[in-house]
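K.L.:
Residues in the sequence shown are numbered from 154 upward in steps of one, following my numbering.
For each residue, glycine too, the CB sits at the ideal point set by N, CA and C.
Since this is a predicted model, take the numbers as computed values, not measurements.
Below you will find the structure I want to go over with you.
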Amino acid sequence: MSMFKPSMLTLALIGAGVVSHSAYAAEETAKAQEDQKVEVIEVKGFRASVVESINTKRFSSEVVESISAEDIGKLPDSSIAESIARLPGLTAQRLDGRASKVSVRGFGEDESATTFNGREQVSISDNRGVEFDLYPSEVMSGVTVYKTPSANLEAEGIAGVIDMQTIKPLSVDERVFQLNTMYEKTSFDKLNPDGEDAGLRGTFSYVDKFADDTIGVALALTTMTSPNQEKRWNAWGYPEFEADGKQYSILGGAKPFVRSSTLERDSVMFVFEAAPSDKLSMVFDALYVDFKDEKILRGIEIPFAWGQGSISGETATVDEASGFVTSAITQGQRVVVRNDYEDREAELSAFGFNTKYNVNDSLTLEFDASHSSVEKQIWSLESYSGTGRGNDRGVADNLGYTFSGGNTGAQFSHELDYSDYDLIKIGGPLSWGWSSALNEKYGVVGSENDQGEYEYHPYENQLQDGFINAPTIEDELNALKLAAKQALDNEFVSSVEFGLSYRDREKSKVSEGYFMTVAGFSYPDNPGMLTVPEQYRLGSANLDFIGMGDMIAYDSRAMVADGQFDLLAESLTNPSHATMSWTVEEQVTAAFVQANINAEIAGFPVTGNAGLRYVKTEQTGKGNAFNTVDGKVVTTPTHVEHDYSHLLPSLNLSLAIDEMQTVRFGAAKTISRPRLDEMNASISAKYNQRPDENGNNWEVSGGNPTLEPKEAIGFDLTYENYFSAEGYFSVALFHKDLKEWIFDGTYEIDMTGVVDPVSGEVPPNAGGSGKGKVNGGGGDLWGYELSVALPFNIFHESLEGFGIIASHTGVKSDIEDPNGNDYELPGLSDRIQSLTFYYENHGFQARTSMRKRSAFKGDVYGLGFKTVQVDILGETIWDAQLGYDFGEGGFEQLDGLSVSLQIQNITEEPFTALSGDNALQVRDYQDYGRTYMLGLSYKF
């Protein structure tokens, strides 16, 4: 049967070693070279990566999108997430100014799976969604996004599977030594005196082949120190306020600050590939990442309507049209001056071994084994200071605010000097530390008076001078796979694949927090505040962006390390840490069979695959059942097991209308596993002597360890036209029928063997009624995608090197919870656009890129690093890059040397989140400024 071949330019790129990652390309090169002599047409750099990405899409059996490295260790953007977010149907949510959480066709990161060289990966978050800034783009050769699944894919996700790939050294024609370095600078000067506004990146890459090209090795070493700064407005909320007999929304309080962050990441990637014979091939790959994200945050937390001050309606300026108090004054209000630090540290290790053996010309066996693990520690420190301890001591201020346009911030007026170290001292200026254990430790507990009324101690609940959140996360995943591929002499099915796989994953989180009290505090001897010692003073941080001038800046982290604070575990009296401490184990056994189709129907070539995947999951939740007894948290261990299975059929068909045009159809059943923080076994537990209406004595709330995956049946229809080696356009329609979605509800739980925290004994009735997340409800999601890659040389040869890449995606959903209420998917933007305009020729490269998304619901961190869902406004982000390759420009003596300049977030697009459905109820307004990058690369 005669099947279509790649174009001459594609074959030339393959022969030159530029296209190395497409499985199709590797197989077709030999066939093409047998049939014809290929004229080598040199296209390198960004244009070569575009061609390779197009070929990956064109010759894949599934509906995919792809990005490829321009060169060894050089993806088109400075991070993986930024590159992925430009693909059709994909976008990203920024986390502290960096693209991190990727959404696919309206689904958030929890609904897609991420693999590394085809193997599912662990994550550093509480859940399954991968934060891509953990992975260095410098060691990746490409990323493929599977929008439709096939039975042989080793991961499950309703949205799709994102596969990151390393280089295969035997596919590279010649030895490579390459050095890349980059200087990075933020547009903001240092916002904190101990912060950084500049950093460096460096990569060393080595690729070589030995023993007559039967052994190949690749090694990449990377280091990065990347700064990021932010001016953040954070509003507590907007309560009602009466003025002139009417109700208006007023500022409840605010927590604005300046943030200076430094992301440090060191990594090692190693690949060993061997093909000792035509029958046997082996690949071993390893990745190690040492990751640290340090944040320095300083600001002033300002209570307003929810504070102690008095607000006169006469000082309030109201806007009748919006219903907001746009300015007002509060008198007699104390504030909290904050000097905070946050460190996120993680170590990731990933190892994989894959071998294939050709038993004969028609049968191939495959074995794959992998391990990935991550350990993450968070150390988040809050240090409080003010004019006096508690609500009523120290000098109060008279504060006024005036909203900025769109309520995206405010300018405050004030009368005190917050940079005065003699005025602002360390200690809790407001009574926020309500802990009976803290009161008891320092002997500041009230008592009943003669009338039987409780009288508070003068310093009761006033000893929280700071707080430390210190959760830890461990995630480990081991996997095995055994598969075979049998070629067939059949006019419809070219081969059959079948196999077995096993994955064993264990993820645990331990949550803890600590109250901080200045070490010298004692009652009645020394109940006051602590003047900042000279050795910890750093000068001041400027808060002019909110009108508060300068504030004191000190090294609270060093003070903790030096014993300047006493610590007391919050978990003694606060049950939230028991809720957020858990272990989840999953054992997943899968079997698949897949027929690869290569047929001719009515004279049209049809390719693709049809398969069936059986997945059985056994999950175990371990955690705590807890209750509060005499003001103290009492816990007992829990252990809940649950299992389920799924049959997942899939079909992918491609009909070639002619050498340029293809129509694709895909249909599949897919699943997305529940969030780990929702399926854990840590629960608030109370044993009632009288059973409820369900006959259960246990009353529990928290995680639900019997949660099962969400399900979807999806359909895809795509038309693709490859009118040029560098160009194509496509139109895609997709629809997903969603079932078993996860919402709040009630469920039954087996509490066998669980000790009643109050009595200390195992009660007779193990039945429990739980409140938490349950499966139920569903609906539909549908949409369309338009994408084009248009090289201008098709119009005239004088436009050689110019081109655009653009896409537009529209998504709609109709989803209801079990009670019939409308529900909006997290991560769903109903409009997504991307655009890249580029020029590359004679060594010169220039491109500007835009990614745009409409409003969506997204997760941000709240108190205690618990995720909170908020409404996030749409955004448009522009980036640009200039580069020059001296060798391509004709400077032979400088061959291998190239330089680049990048500007990220050219228009300084902010991140804006709301605290309600009113666009003026702004919760967060984050201004990141721009980032400049100057790079140098040398290959020899």
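1. Hey, could you find the ends of the alpha helix (DSSP H) GLY198 is sitting in?
2. Helix, strand or coil: which one does DSSP assign to ASP1048?
3. Can you tell me which of the three DSSP states HIS567 falls into?
4. Starting from GLU593, trace the beta strand (DSSP E) both ways and give me its first and last residue.
5. Alpha helix (DSSP H) containing VAL548: first to last residue?
6. Within the continuous beta strand (DSSP E) that includes GLU383, where are the two ends?
7. How would you write the range of the alpha helix (DSSP H) that TYR712 sits in, first residue to last?
8. In whole angstroms, what separates the C-alpha of ALA942 from that of ASN749?
9. Tell me the DSSP bridge mates of ALA439?
10. On the criterion of 16 or more Cβ atoms from any shown chain inside 10 Å, does VAL548 qualify as buried, or is it exposed?
11. Please determine, among GLU273, SER213, THR301 and SER278, the residue with the shortest C-alpha to C-alpha distance to GLY242.
12. Around the C-beta of LEU534, are 16 or more other C-beta atoms found within 10 angstroms, so that it is buried, or is it exposed?
13. Using the Cβ count rule (16 or more neighbours within 10 Å means buried), how would you classify HIS174?
14. Can GLU495 and LEU450 be called in contact, C-beta distance under 8 Å?
15. Going by the beta-carbon positions, is the gap between VAL597 and GLY539 smaller than 8 Å?
16. With DSSP as the reference, please indicate the residues paired to THR625 in a beta bridge.
17. Runs of 3 residues minimum, wholly inside the segment 949-1033: which ones carry the beta strand (DSSP E) assignment?
18. Run the CB neighbour count on PHE745, radius 10 Å, all protein chains shown included, and call it buried at 16 or more, exposed below.
19. Quick one, which of SER290, TYR288 and THR815 has its alpha-carbon nearest VAL759's?
20. State the Cα-Cα distance for the pair TYR1037 and GLY702, rounded to the nearest angstrom.
21. Pull up the distance between the alpha-carbon of ILE1059 and that of ASN643, whole angstroms please.
22. According to the neighbour-count rule (16 or more other Cβ atoms, all chains shown, within 10 Å of its Cβ), is PRO409 buried or exposed?
23. Jot down the residue ranges of each uninterrupted beta strand (DSSP E) in the segment 838-884, minimum 3 residues, whole runs only, in chain order.
24. Quick check on the DSSP output: the alpha helix (DSSP H) that includes THR732 runs from which residue to which?
25. In terms of residue numbering, what span does the alpha helix (DSSP H) encompassing ALA469 cover?
26. Quick one: any contact between the segment 454-469 and the segment 496-516, if contact means 3 or more CB pairs under 8 Å?
27. Can you list, in chain order, the residues of its chain whose CB lies under 6 Å from that of LEU741, leaving out five sequence neighbours each side?
28. May I ask you to list the residues that DSSP assigns as paired with GLU519?
29. Helix, strand or coil for ILE699 per DSSP?
30. Measure the C-alpha to C-alpha separation of PHE1044 and PHE1093 and round it to an integer number of angstroms.
31. Does the segment 833-843 come close enough to the segment 879-892 that 3 or more CB-CB pairs lie under 8 Å?
32. Tell me whether TYR1081 is buried or exposed, calling it buried when 16 or more other Cβ atoms sit within 10 Å of its Cβ.
33. Would you list the one or two residues that DSSP bridges to ALA809?
34. Between ALA252 and chain D, is the shortest Cβ-Cβ distance under 8 Å, so that the two count as touching?
35. Distance check for GLU593 and ALA522, CA to CA, integer angstroms please.
36. By alpha-carbon positions, which one of GLN772, LYS362 and SER883 ends up nearest to GLU327?
P.N.:
In brief:
1. Membership of GLY198 in the alpha helix (DSSP H) is indicated by the continuous run 198-211.
2. Shown here, ASP1048 sits in coil according to DSSP, grouped into three states, outside any helix or strand.
3. The answer is coil: DSSP assigns HIS567 none of H, G, I, E or B.
4. Where GLU593 is concerned, there is no enclosing beta strand (DSSP E), although the alpha helix (DSSP H) it sits in stretches over 589-594.
5. No alpha helix (DSSP H) holds VAL548; DSSP gives it neither H nor E.
6. Taken as a continuous stretch (DSSP letters only), the beta strand (DSSP E) holding GLU383 covers 368-390.
7. The amino acid at residue 712 is misidentified as Tyr; the sequence shows Met. Its alpha helix (DSSP H) spans residues 709-714.
8. Taking the straight line joining both Cα atoms gives about 29 Å.
9. Answer is PHE423 and PHE504.
10. With fewer than 16 Cβ atoms within 10 Å of its Cβ, VAL548 is classed as exposed.
11. Of GLU273, SER213, THR301 and SER278, the residue nearest in Cα terms is THR301.
12. Flag for LEU534 reads buried.
13. Annotation note: pLDDT 36 at HIS174 (below 50); position unreliable, no value reported.
14. With respect to the 8 Å criterion, GLU495 and LEU450 are classified as neighbours on the basis of their beta carbons.
15. No, they are not a contact pair.
16. Residue pairing from DSSP places THR625 in a beta bridge opposite GLN530 and VAL663.
17. 955-969, 984-994, 997-1006, 1009-1014 and 1020-1025, all fully within the segment 949-1033.
18. Label assigned to PHE745: buried.
19. Nearest C-alpha to VAL759: THR815.
20. If you draw a straight line from the Cα of TYR1037 to the Cα of GLY702, it comes to about 44 Å.
21. Straight-line Cα distance between these residues: approximately 56 Å.
22. By the neighbour-count definition (other C-beta atoms within 10 Å, threshold 16), PRO409 is a buried residue.
23. Entirely contained in the segment 838-884, the beta strand (DSSP E) runs reaching 3 residues are, in chain order, 851-855 and 863-877.
24. Where THR732 is concerned, the enclosing alpha helix (DSSP H) stretches over 729-732.
25. No alpha helix (DSSP H) holds ALA469; DSSP gives it neither H nor E.
26. Contact between the segment 454-469 and the segment 496-516 is absent, because fewer than three Cβ pairs lie under 8 Å.
27. Residue identity differs from the one stated: residue 741 is Val in this sequence, not Leu. ARG656 and THR770, listed in sequence order.
28. Residue pairing for GLU519: DSSP places it in a beta bridge opposite LYS509 and ALA636.
29. Three-state result, ILE699: helix.
30. C-alpha separation (whole angstroms): 15 Å.
31. No, the segment 879-892 does not touch the segment 833-843.
32. Label assigned to TYR1081: buried.
33. Looking at the DSSP output, ALA809 shares a beta bridge with THR815.
34. Of the chains in the structure shown, none is chain D; there is only one protein chain.
35. One alpha carbon belongs to ALA522, the other to GLU593, and they sit about 54 Å apart.
36. The shortest Cα separation from GLU327 among GLN772, LYS362 and SER883 belongs to LYS362.
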